[in-house]
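These notes are about the structure you will find just below.
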Amino acid sequence: GGAVDVKELLSDVTSITSWFRYAGSWTTPPCAEGVTWFVAHESRGISPGTLDLLAGVEGRNDRPVQPTNGRTVSLVVPRTP
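Here it is, written out as structure tokens:
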């Protein structure tokens, strides 16, 4: 196995200018609710090697897309000073 460098994965987090926020659930069993998700409005890429490393640590994380079931999905765009 290898090591996942979280600092490298999040190195450009300060460039995220907007994101989606919604109440949801874990993507792995038992898929319990109570999670607030923050998803960048613009996608970021990672290398196939990093994806493989994450899969080795986290396992499969590919739950099918779920209906919103009345949940609100908000686009957050902070005001700049």
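In the working numbering, the protein residues as written are 23 to 103.
Glycine included, every Cβ here is placed at the ideal spot set by N, Cα and C.
Distances from the CA of Val28 to each of Glu64, Ile38, Val79 were compared; the closest alpha carbon is that of Val79.
The continuous alpha helix (DSSP H) containing Leu31 extends over residues 28-31. In the three-state DSSP reduction, Glu80 falls in the helix class (H, G or I). When the five nearest sequence neighbours on each side are left out, the beta carbons in the same chain lying within less than 8 Å of the beta carbon of Val57 are those of Ala45, Gly46, Ser47, Trp48, in order along the chain. Between Phe60 and Arg43 the beta-carbon gap is near 6 Å, inside 8 Å, which marks them as a contact.
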